[in-house]
Amino acid sequence: EAGVTQFPSHSVIEKGQTVTLRCDPISGHDNLYWYRRVMGKEIKFLLHFVKESKQDESGMPNNRFLAERTGGTYSTLKVQPAELEDSGVYFCASSQDAAPGRAKNIQYFGAGTRLSVL
Amino acid sequence: DAKTTQPPSMDCAEGRAANLPCNHSTISGNEYVYWYRQIHSQGPQYIIHGLKNNETNEMASLIITEDRKSSTLILPHATLRDTAVYYCIVRVRSGSNTGKLIFGQGTTLQVKP
């Protein structure tokens, strides 16, 4: 079974440019999460999709970030325009279920996309 | 979700058991304890979780105290590949929780030859 896949693995862009990150969850997983770790900080939650709907986007830092999950399959996270403080590693995770405690709730993470804004 | 406290770093000799503590003194009765780890340059990896009973799987054991205010993750025979940052996370069982994980600083475990 394929795991969570993220593209690209590394992206280097200049301040003001646009970058789009992609996440392919494990097949059959309705729940998809985005997290990020910026330099020296903890891993922070960004948002949660259930199928194509945004269940929780409380962690999105500002309106320069736009996440989509059309058709409830893969998801994209667009940063426009990118700023220096957006540099970090962006992780995607997926799970069958969301309620804690059950095995189907376990979140599986991708390897992340390292974003460098110069 | 309840806050967790972990030591920032620990060392362990290869082949020995690694015991990683976590304090969650404000945990509620409906909150689970989850452990994840992040090996350098990889995404976080699920290890184990529990509510109040001790749990064991192929990776580790989780010991939760009777009052549930603390827990210990045990890697029975640590290898060099277990060198990673280990995160103890408390999650609400139900209700409005969306399932998001709240990561702290974690414990950096260094397994030494």
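Going line by line, the protein sequences match chains E and C. To convert, take the position in the first sequence, counting from 1, and add 334; that gives the working numbering. To convert, take the position in the second sequence, counting from 1, and add 5; that gives the working numbering. The beta-carbon is built from N, C-alpha and C at its ideal position, and this holds for glycine as well. None of these values were measured; they are calculated from a predicted model.
Residues in the same chain with beta-carbon distance under 7 Å from residue i, minus the five sequence neighbours each way, listed in chain order, please.
i, result
"A18 (chain C)", "K117"
"A89 (chain C)", "R42, Q43, I44 and L114"
"G393 (chain E)", "K378, F379, L380 and L381"
"D420 (chain E)", "V413, L449 and V451"
"R73 (chain C)", "I32 and K57"
"L418 (chain E)", "K349 and V451"
Go through its chain and collect everything with a Cβ distance to residue i's Cβ below 6 Å, but skip five positions before and after it.
i, result
"E60 (chain C)", "I53 and L67"
"P12 (chain C)", "T112"
"L106 (chain C)", "I94"
"G48 (chain C)", "none"
"K385 (chain E)", "D364 and G406"
"Q351 (chain E)", "A416"
"W55 (chain C)", "Sequence inspection shows Gly at residue 55 (chain C); the Trp mentioned does not correspond to that position. For G55 (chain C), where only same-chain residues beyond five positions count, the Cβ hits under 6 Å are V38, L67 and I69."
"Y91 (chain C)", "L25, R42, G111, T112 and L114"
"H344 (chain E)", "R448"
"Q441 (chain E)", "A427 and S429"
Where does residue i land, buried or exposed, given buried means 16+ other C-beta within 10 angstroms?
i, result
"H45 (chain C)", "exposed"
"V346 (chain E)", "exposed"
"P81 (chain C)", "exposed"
"R86 (chain C)", "exposed"
"N439 (chain E)", "buried"
"A336 (chain E)", "exposed"
"G455 (chain E)", "No answer is possible for residue 455 (chain E): it lies beyond the span of chain E, which begins at 335 and ends at 452."
"A65 (chain C)", "buried"
"S409 (chain E)", "buried"
"L411 (chain E)", "buried"
"A83 (chain C)", "buried"
"E36 (chain C)", "buried"
"G422 (chain E)", "buried"
Checking 7 Å against the spacing of the C-beta atoms, do residue i and residue j come in under that value?
i, j, result
"A432 (chain E)", "G104 (chain C)", "yes"
"R370 (chain E)", "F383 (chain E)", "no"
If you drop the 5 nearest sequence neighbours on each side, which residues of the same chain put their C-beta closer than 8 Å to that of residue i?
i, result
"Q340 (chain E)", "L355, R356, C357, D358, Y424, F425, C426, G444, A445, G446 and T447"
"M15 (chain C)", "A23, L25, T112, T113, L114 and Q115"
"A401 (chain E)", "W368, L380, L381, F383, K388, E391, M394, S409, T410, L411 and K412"
Is residue i near the ligand GDP, judged by its Cβ being under 6 Å from some heavy atom?
i, result
"L56 (chain C)", "Among the components of this structure there are no ligands whatsoever, and the ligand GDP is therefore not found."
When you compare the stretch 361-378 of chain E with the stretch 421-431 of chain E, are there three or more beta-carbon pairs, one atom per stretch, that lie closer than 8 Å? yes
Meets three-Cβ-pair contact criterion under 8 Å: the stretch 76-85 of chain C and the stretch 7-27 of chain C: yes
Which complete beta strand (DSSP E) runs does the stretch 37-93 of chain C hold, if anything under 3 residues is left out? 50-55, 66-69 and 75-80
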